[in-house]
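Chemist: Using the working numbering, read the sequence shown as starting at 10 and increasing by one per residue. Note that CB positions come from ideal geometry on N, CA and C, so glycine has one too. Here it is, the structure, as structure tokens.
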Amino acid sequence: MQLLKVALENELDLTLAYKKSIKAAELIGLSRSTQTAFATAVSEVCREVIDKTHDGLVTLEIHNEGERHHLAAVITYRQSEGINNLEEGFQYARKLVPIFLYAVSERKGTIQLKMGIPKAVGISKTKILMVSSYFEHLEPSTPYEEVRQRNQQLYLINEQSEQALQQAEYLNQQKNEFLSVASHELKTPLTILRAYTQMALKTDCSPITLSHLKKVDDQASKLQTMITQLLDISKIEDTETEYNLEATSSKQYLLDMRDLIMQLVPAHQLLIHLNDDSTLYIDRLRVEQVIMNIIGNAAKYSPAGTQIVFTTALQANGEVLFSVKDQGIGMSEEELIKIFKKFYRVESIIKQYNGLGIGLFISSKIINNHGGKIWVESIFGHGCTFFFTLPVYKD
Ligand code: ADP
10 MQLLKVALEN ELDLTLAYKK SIKAAELIGL SRSTQTAFAT AVSEVCREVI DKTHDGLVTL
70 EIHNEGERHH LAAVITYRQS EGINNLEEGF QYARKLVPIF LYAVSERKGT IQLKMGIPKA
130 VGISKTKILM VSSYFEHLEP STPYEEVRQR NQQLYLINEQ SEQALQQAEY LNQQKNEFLS
190 VASHELKTPL TILRAYTQMA LKTDCSPITL SHLKKVDDQA SKLQTMITQL LDISKIEDTE
250 TEYNLEATSS KQYLLDMRDL IMQLVPAHQL LIHLNDDSTL YIDRLRVEQV IMNIIGNAAK
310 YSPAGTQIVF TTALQANGEV LFSVKDQGIG MSEEELIKIF KKFYRVESII KQYNGLGIGL
370 FISSKIINNH GGKIWVESIF GHGCTFFFTL PVYKD
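Written out as structure tokens, the structure reads:
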């Protein structure tokens, strides 16, 4: 069982190792002369290690071997050519403790110094815990000790956060894998369902059946969008997402998209002002996805019949600014900064409008990965304007 650790980096650590070895031996109940012999042996070995390596570590432990208990100092260091079994300090330490073990591997040297604990002294789990807790809560007596202790604490915190981060990354990866597999599995039957519904819509059926089939198709289409978003989230979080970048004339690209946009907002008055005709270097499908998401949202979160204005303009800094302005429900200042987060939806609208809170998260990733920015301005109750920029392509 471990009592304490001291890192061996410089001469000051030697004093620390000595003082703590004496104290540990005293708390265990060893005689005064044994305390001194043990601590001197520890500091002799530590001196050699500090002289030659600067990255050693001494750990005080209680070893239980058969019937006997030992107070042990385990000193480890990175094996360097300049250090060997015959060092003067090692020779001296050998004379002070009954057990001196020396072991080297290719990279690491380990020395164990052991002092027997007499049966009469008595050793128990409680006593060992008491000693290790003493060192854990020991107030530093010099500024150096204080810095050391803080460093040790920071090191521990750092180690814990690294472990937590690794765990979180693992869970995130598992979640993405699940989303990817599940949405793939859902996609196939849904595509078949939509294909059959569309075939049925073309047959000679009664107006009532036709209206029912349209509703089935509408809902299946919404479901398809959501499943695509779920599949996307796992792809987009993968750092190796590939973008198929092509030089693209901004005006022609948007004119080609016009019909698609119109279909997306049949119940609104859509105004399109394309004031830019520069060349962009983009993944056309991914940027289309952003535009459709933002315009789709403008229609979803504003009453039918109201205006949606889609504008592009070239800015002085060489970026093209895209904006989509609606006259819908808008959002408060606190919401503005949160809506690009994964799965975030404004609390008050959840019951009224369906969705997953993924579209804007994906859009922001796509725009950022193209070297652009995305943001929103809004006055609660008076609509939103979404903006995003894309850099102009330079040959
Ligand atoms: P979804 O629309 O599926 O919930 P998004 O990621 O596209 O997911 O949007 C996130 C949230 O941002 C929405 O739930 C909504 O609260 C808010 N939002 C997005 N666009 C608008 C808009 N044009 N007007 C008002 N709120 C919006």
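(1) According to DSSP, is ASN73 part of a helix, a strand, or is it coil?
(2) Please give the ranges of any alpha helix (DSSP H) in the region 38-94, keeping only runs that are unbroken, at least 4 residues long and fully inside the region.
(3) Could you spell out where the alpha helix (DSSP H) holding LEU240 opens and where it closes?
(4) At the level of alpha carbons, what is the spacing between LEU330 and PRO400?
(5) I'd like to know if the region 358-376 and the region 283-303 are in contact, where contact means that at least 3 CB-CB pairs between them fall below 8 Å.
(6) Quick one: what's got a C-beta closer than 7 Å to VAL190's C-beta in the same chain, skipping five residues either side?
(7) Exposed or buried, SER357, counting other C-beta atoms within 10 Å across all chains shown (16 or more means buried)?
(8) Looking at ARG354 and the ligand ADP, is the gap between the Cβ and the nearest heavy atom below 7 Å?
(9) If TYR353 sits next to GLY364, beta carbons under 8 Å apart, how far is it from one beta carbon to the other, in whole angstroms?
(10) On a CA-only basis, which of VAL54, GLN88, TYR101 and GLU154 is nearest ALA82? Give me that one, please.
(11) Between the C-alpha atoms of LEU36 and LEU25, what's the straight-line distance to the nearest angstrom?
(12) Classify HIS282 as helix, strand or coil using the three-state DSSP reduction.
(13) What is the residue span of the alpha helix (DSSP H) that LEU202 lies within?
(14) Just tell me which of LYS211, LYS231 and SER170 has its CA closest to the CA of LEU199.
(15) Considering just the uninterrupted stretch of the alpha helix (DSSP H) at ALA307, what are its terminal residues?
(16) Compute every distance between the C-beta of GLY390 and the non-hydrogen atoms of the ligand ADP, then say whether any falls below 7 Å.
(17) Does the region 233-249 come into contact with the region 269-283, if we say contact requires no fewer than three beta-carbon pairs (one atom in each stretch) closer than 8 Å?
(18) So for TYR262, helix, strand or coil by DSSP?
(19) How is the beta strand (DSSP E) around MET139 delimited, first residue to last?
(20) Starting from the Cα of ILE346, find the closest Cα among TRP384, VAL296, GLN316 and PHE99 and give me that residue.
(21) With the cut-off set at 8 Å, would you say ALA33 and LEU12 are in Cβ contact?
Modeler: Quick answer:
(1) Counting from 1 along the sequence shown, the entry for residue 73 is found at position 64. ASN73: strand per DSSP, three-state reduction.
(2) Here the runs fully enclosed are 41-61.
(3) To locate residue 240, count along the sequence shown from 1; it is residue 231. Counting along the chain, the alpha helix (DSSP H) containing LEU240 begins and ends at 216-246.
(4) One-based indexing of the sequence shown puts residue 330 at position 321. One-based indexing of the sequence shown puts residue 400 at position 391. Per the coordinates, the alpha-carbon of LEU330 lies some 9 Å from the alpha-carbon of PRO400.
(5) Yes, since at least three Cβ pairs between the region 358-376 and the region 283-303 fall closer than 8 Å, the two stretches touch.
(6) Numbered from its first residue, the sequence shown carries residue 190 at position 181. For VAL190, where only same-chain residues beyond five positions count, there are no Cβ hits under 7 Å.
(7) Locating residue 357 in the sequence shown gives position 348, counting from the first residue. Result: exposed.
(8) Within the sequence shown, residue 354 is the residue found at index 345, counting from 1. Because some heavy atom of the ligand ADP lies under 7 Å away, the Cβ of ARG354 counts as near it: yes.
(9) Here residue 353 is taken as the residue at index 344 of the sequence shown, counted from 1. Here residue 364 is taken as the residue at index 355 of the sequence shown, counted from 1. With 8 Å as the limit, TYR353 and GLY364 do not qualify as a contact, their Cβ atoms being about 11 Å apart.
(10) Working through the sequence shown from its first residue, we reach residue 82 at position 73. Comparing Cα-Cα distances from ALA82 to each of VAL54, GLN88, TYR101 and GLU154, the minimum goes to VAL54.
(11) One-based indexing of the sequence shown puts residue 36 at position 27. One-based indexing of the sequence shown puts residue 25 at position 16. About 16 Å.
(12) For this step, residue 282 is matched to residue 273 along the sequence shown. The three-state reading of DSSP puts HIS282 in strand, counting E and B together.
(13) Residue mapping note: residue 202 aligns to position 193 of the sequence shown, counting from 1. 152-210 is the span of the alpha helix (DSSP H), which, as asked, contains LEU202.
(14) If you number the sequence shown from 1, residue 199 lands on position 190. Answer by Cα proximity: LYS231.
(15) Walking along the sequence shown from the start, residue 307 turns up at place 298. Element bounds for ALA307: 293-309.
(16) Working through the sequence shown from its first residue, we reach residue 390 at position 381. No.
(17) When Cβ pairs closer than 8 Å are counted between the two stretches, the region 233-249 is seen not to touch the region 269-283, the count staying below three.
(18) For the purposes of this step, residue 262 is taken as the residue at position 253 of the sequence shown. The answer is helix: DSSP assigns TYR262 an H, G or I state.
(19) Residue mapping note: residue 139 aligns to position 130 of the sequence shown, counting from 1. Taken as a continuous stretch (DSSP letters only), MET139 belongs to no beta strand (DSSP E), being part of the alpha helix (DSSP H) at 134-145.
(20) If you number the sequence shown from 1, residue 346 lands on position 337. Closest option to ILE346, Cα to Cα, is TRP384.
(21) Walking along the sequence shown from the start, residue 33 turns up at place 24. Walking along the sequence shown from the start, residue 12 turns up at place 3. Yes, the pair counts as a contact, with Cβ atoms nearer than the cut-off.
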